[in-house]
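**Student:** This is the structure I want to talk about, given as structure tokens.
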Amino acid sequence: MDDLTDYHSLSLAGVVLAADLVHAAAHGLDQDEAATRSVKLAITSQHAEQLRDVFPQIGDFRTGVKATVSALQGQPDNPEALRYALQLIELASLLKRSPDVIDRLGKELDQLPQDPTDQEFARAYQASISTLGKRIQVTGNPTLLQQQDTADNIRALLLGGVRFAWLWQQLGGRRWHLVLKRKQLLRAMEALNTILQSTVH
989 MDDLTDYHSL SLAGVVLAAD LVHAAAHGLD QDEAATRSVK LAITSQHAEQ
1039 LRDVFPQIGD FRTGVKATVS ALQGQPDNPE ALRYALQLIE LASLLKRSPD
1089 VIDRLGKELD QLPQDPTDQE FARAYQASIS TLGKRIQVTG NPTLLQQQDT
1139 ADNIRALLLG GVRFAWLWQQ LGGRRWHLVL KRKQLLRAME ALNTILQSTV
1189 H
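When you line the sequence shown up against the working numbering, it's residues 989 to 1189, in that order.
The structure is reproduced here in structure tokens:
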């Protein structure tokens, strides 16, 4: 799994997975604990020397890969989550053009303890990503969204989503590719899906 195309696809799937988990959290649906852990773990991988360090358990991304395949086929499993995913990609693009925010985010992440809480992730998100001038409006159960634990969890997941979107763009991904290179992305994602389904349990 060291092929660039695989990590390119995994990064995009990570964005979609994070968005799907945000939707689940906002609506009080069951969240895959392993997937949630992997999304948040990626946040602290800013100094990773190898791509595999960002994806230590690629099987945790299986749901994201499947959802991305469906979206690229024009039949998204969850249109609301897909909207979040596209906005996460846009946020990563804005971040790349904002060196001051990049610096602030880097400092926030470097100050995180070894095992950060959702509250600490959320604080890092608010101190950096939230200042970019474009916010993701998460919809769901109003009672849940007003709870601090839920809000912190969602911000942590969004931060993870931005991390994957940033990495996807580092590996050459661009939002317009989702339209003009959709078939190429779909073939790569389907190949990754086949690998995960057959070798990761």
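We put the beta carbon where it would ideally sit given N, CA and C, even for glycine.
1) Note the first and the last residue of the continuous alpha helix (DSSP H) segment covering A1036.
2) Given 8 Å as the limit, is there contact between the region 1148 to 1158 and the region 1061 to 1080, that is, 3 or more CB pairs closer than that?
3) Quick check on K1028: buried or exposed, where buried means 16 or more other Cβ atoms within 10 Å of its Cβ?
4) Contact check, R1025 vs L1184 under 8 Å by CB: the rounded distance?
5) Decide if the region 1113 to 1133 is in contact with the region 1053 to 1067; the criterion is three or more beta carbon pairs, one per stretch, under 8 Å apart.
6) Jot down the residue ranges of each uninterrupted alpha helix (DSSP H) in the region 1020 to 1108, minimum 4 residues, whole runs only, in chain order.
7) Taking one C-beta from the region 1097 to 1108 and one from the region 1127 to 1142 each time, how about it: are there three or more such pairs within less than 8 Å?
8) Using the beta-carbon count (16 or more within 10 Å), is D1098 buried or exposed?
9) Please confirm whether any heavy atom of the ligand NAD lies closer than 6 Å to the CB of V1053.
10) Inspect the beta-carbon positions of Q1019 and A1030 and report whether they are closer than 7 Å.
11) Using only alpha-carbon positions, find the residue among G1047, D1041, L1133, T1056 that is nearest to K1171.
12) Does A1059 pass the burial test, meaning 16 or more other C-beta atoms within 10 Å, or should it be called exposed?
13) Starting from S999, trace the alpha helix (DSSP H) in both directions and tell me its first and last residue.
14) State the DSSP-derived secondary structure class of T1119, mapped to helix, strand or coil.
15) Can you list, in chain order, the residues of its chain with a C-beta nearer than 7 Å to that of D1048? Leave out the 5 residues immediately preceding and following it.
16) Going by the beta-carbon positions, is the gap between A1069 and A1153 smaller than 7 Å?
17) On a Cα-Cα basis, can you pick out the residue from R1163, L1000, A1144 that is closest to A1112?
18) In this structure, does DSSP put D1137 in helix, strand or coil?
19) With a threshold of 7 Å on Cβ separation, who are the neighbours of D994 within its own chain once the five nearest residues in sequence on each side are excluded?
20) As a quick exercise: from S1086, L1133, Q1134, pick the residue whose alpha carbon is nearest that of S1116.
**Tutor:** Taking the coordinates as given:
1) Here residue 1036 corresponds to residue number 48 of the sequence shown, with the count starting at 1. No residue range can be given for A1036, since it is assigned to no alpha helix (DSSP H) and is classified by DSSP as neither H nor E.
2) yes
3) Taking the sequence shown and counting its residues from 1, one reaches residue 1028 at position 40. Within 10 angstroms of the beta-carbon of K1028 lie 16 or more other beta-carbons, which makes it buried.
4) Counted from its first residue, the sequence shown places residue 1025 at position 37. Counted from its first residue, the sequence shown places residue 1184 at position 196. So it is not a contact: roughly 17 Å between Cβ atoms.
5) no
6) 1021 to 1031, 1050 to 1060, 1067 to 1084, 1087 to 1098
7) yes
8) For this step, residue 1098 is matched to residue 110 along the sequence shown. The residue is exposed, with fewer than 16 neighbouring Cβ atoms inside 10 Å.
9) Because no ligand of any kind appears in the structure shown, any question about the ligand NAD cannot be addressed here.
10) Start at 1 with the first residue of the sequence shown, and residue 1019 comes out as number 31. Start at 1 with the first residue of the sequence shown, and residue 1030 comes out as number 42. No, the Cβ-Cβ distance between Q1019 and A1030 is not below 7 Å.
11) To locate residue 1171, count along the sequence shown from 1; it is residue 183. Here the closest residue by C-alpha is T1056.
12) For this step, residue 1059 is matched to residue 71 along the sequence shown. So A1059 counts as buried.
13) Start at 1 with the first residue of the sequence shown, and residue 999 comes out as number 11. Start and end: 992 to 1015.
14) Start at 1 with the first residue of the sequence shown, and residue 1119 comes out as number 131. Correct three-state label for T1119: helix.
15) Here residue 1048 corresponds to residue number 60 of the sequence shown, with the count starting at 1. Excluding positions up to five away in sequence, the list reads A1022, A1023, S1026.
16) In the sequence shown, residue 1069 corresponds to position 81, counting from 1. In the sequence shown, residue 1153 corresponds to position 165, counting from 1. No. Outside cutoff.
17) Stepping through the sequence shown from its first residue, residue 1112 is reached at position 124. It is A1144.
18) Looking up residue 1137 in the sequence shown gives position 149. In the structure shown, D1137 sits in a helix (DSSP, three-state: H, G or I).
19) For the purposes of this step, residue 994 is identified with residue 6 of the sequence shown, where counting begins at 1. Closer than 7 Å at Cβ, skipping near neighbours: L1180.
20) To locate residue 1116, count along the sequence shown from 1; it is residue 128. It is S1086 whose Cα lies nearest to the Cα of S1116.
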